[in-house]
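Working notes, beginning with the structure itself.
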Amino acid sequence: MTQKTVRANDVGYGNNKFTTSNLGKAADGSAQVGVFPSIVAKAKSTESVGDLFGLAQSNNIAVQANNANFIVGDTALNHTDGTSGRNLNPNFPISDPYLALVRGSLYRMAVSAIDLLVVGLPMNTYNVHKDALRERLIGGHTIPNPYKKDRPNAGNQFSVEVKAARVLPQPVGALIAYSMPRGLYGKVAKQTNLVLDVGYGTFDWFLAEGIVAQDARCGAYQGGVSALLMAVADHINPDLKAMTRILRDIDNALNGQDSTFYAAGKDHNISDFTSIVELKAQDQINAMLHSVKSMTDVRNVVLTGGGATIFKPIIEKMLPGLQLLVDENPIFSNVLGFQMYGEATISQSA
16 MTQKTVRAND VGYGNNKFTT SNLGKAADGS AQVGVFPSIV AKAKSTESVG
66 DLFGLAQSNN IAVQANNANF IVGDTALNHT DGTSGRNLNP NFPISDPYLA
116 LVRGSLYRMA VSAIDLLVVG LPMNTYNVHK DALRERLIGG HTIPNPYKKD
166 RPNAGNQFSV EVKAARVLPQ PVGALIAYSM PRGLYGKVAK QTNLVLDVGY
216 GTFDWFLAEG IVAQDARCGA YQGGVSALLM AVADHINPDL KAMTRILRDI
266 DNALNGQDST FYAAGKDHNI SDFTSIVELK AQDQINAMLH SVKSMTDVRN
316 VVLTGGGATI FKPIIEKMLP GLQLLVDENP IFSNVLGFQM YGEATISQSA
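So for the sequence shown, our numbering puts the first residue at 16; every next one is plus one.
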């Protein structure tokens, strides 16, 4: 029987993660994955769908959404004015820039048909936008031809048909990704689980019996890592909060990629801002604790998301004795969980 094509896309406020294969193709037995920043630049009139010369060389993609042209990709920030790019609006999932990021993912996936595309939404927008997003994804998508670089005579445009789409609460992906490869899913399905998903724009918590949400104890805090970055920038100079590159550099420093960052004419050591970062993170963690009510019945606590390494020591300091389960590369936990869910779902329906 021909294998169905399943793909997953985790469009976050900070990064856009996607799978480019079914499970079993990566060295560790999982799916192959890719990522680029969730920065969307408005294209100039000369940069349109199919105009890949130069853009492809810089790993950027010119895509169209609702008759507007956009540039997404690894260095899309270079096509912005430096004060825009990431969209932190709760309505982002039904916006044209969101669709542009999805079509950038489709370009990297490079397949003409997807039997099932699995995506996710933060807890605070899941019930509001899930149906509209699913309908927007199903059907045809026109993107630049991903094979044009290797086949110069190929057409400029390429059509992708998404036959079906599923929208999950984002943290579900991390729970599946942590438990299934370790052979723990059978146990986890019978236990009370809490997923803490530290994203760029939101901090989500998902409390579930198995993977069935206990809605009254789930929630999200609009802020996530971006609230920490804004607080650091604001302490130096409030005008810096609008500077995308400086926020990126602060993010890199918080994640341990650098110990310093440059802003307002000087180098700053990130350790000088520890108290500011901790206070902002504590606000979000306290909101989670208030919503969850009690941790006494929670068997497993999975920490995931691009900000997991930032929040981990702060959570451990606030909740001593709590054992956090963290994937080696939490930025891809949700999207790999989406992929696992999709392949399991489509095999059951075959």
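Idealized CB from N, CA, C, for every residue including glycine.
Using a C-beta cutoff of 8 Å, does residue i count as contacting chain C?
i: Arg151; result: As a matter of chain content, chain C is missing from the structure shown, which is built from one protein chain.
How is the alpha helix (DSSP H) around residue i delimited, first residue to last?
i: Pro328; result: Ala323 to Met333
i: Ala169; result: First-last for Ala169: undefined, no H or E at that position.
i: Lys202; result: Tyr200 to Val203
i: Gly188; result: Gln185 to Ser194
i: Ala268; result: Thr259 to Leu269
Can you tell me whether residue i is helix, strand or coil according to DSSP?
i: Arg314; result: coil
i: Glu358; result: helix
i: Gln237; result: strand
i: Lys59; result: coil
i: Ile226; result: coil
i: Thr289; result: helix
i: Val350; result: helix
i: Ile86; result: strand
i: Asn252; result: coil
i: Asp298; result: helix
i: Ala278; result: strand
i: Ser364; result: helix
i: Ala46; result: coil
i: Arg232; result: helix
i: Ala179; result: coil
May I ask which residues mark the beginning and end of the beta strand (DSSP E) holding residue i?
i: Asn75; result: Asn75 to Ala80
i: Ser309; result: Unbroken run through Ser309: none, as it is neither H nor E.
i: Asn208; result: Thr207 to Val213
i: Ala41; result: Per DSSP, Ala41 belongs to no beta strand (DSSP E) and is neither H nor E.
i: Asn30; result: Asn30 to Thr34
i: Leu339; result: Leu339 to Val341
i: Asp25; result: Val21 to Val26
Using beta-carbon positions only, say whether residue i and residue j come within less than 8 Å of one another.
i: Ala180; j: Val134; result: yes
i: Phe218; j: Tyr236; result: yes
i: Gly154; j: Val182; result: no
i: Gly188; j: Val350; result: yes
i: Gly322; j: Val203; result: no
i: Asn31; j: Ser53; result: yes
i: Leu340; j: Val316; result: yes
i: Gly88; j: Thr259; result: no
i: Leu211; j: Leu318; result: yes
i: Val175; j: Ile109; result: no
i: Tyr28; j: Gly234; result: no
i: Phe353; j: Ala23; result: yes
i: Gln4; j: Thr35; result: Lying outside 16 to 365, the shown extent of the chain, residue 4 is not represented and no answer is given.
i: Ile261; j: Ala278; result: yes
State buried or exposed for residue i, treating a residue as buried only when at least 16 other CB atoms are found within 10 Å of its CB.
i: Arg118; result: buried
i: Gln79; result: buried
i: Asn160; result: buried
i: His250; result: exposed
i: Leu92; result: buried
i: His305; result: exposed
i: Asp254; result: exposed
i: Tyr113; result: buried
**Item:** Every unbroken beta strand (DSSP E) inside the segment 91-167 [3 residues or more]
**Value:** Correct list: 131-136 and 154-159.
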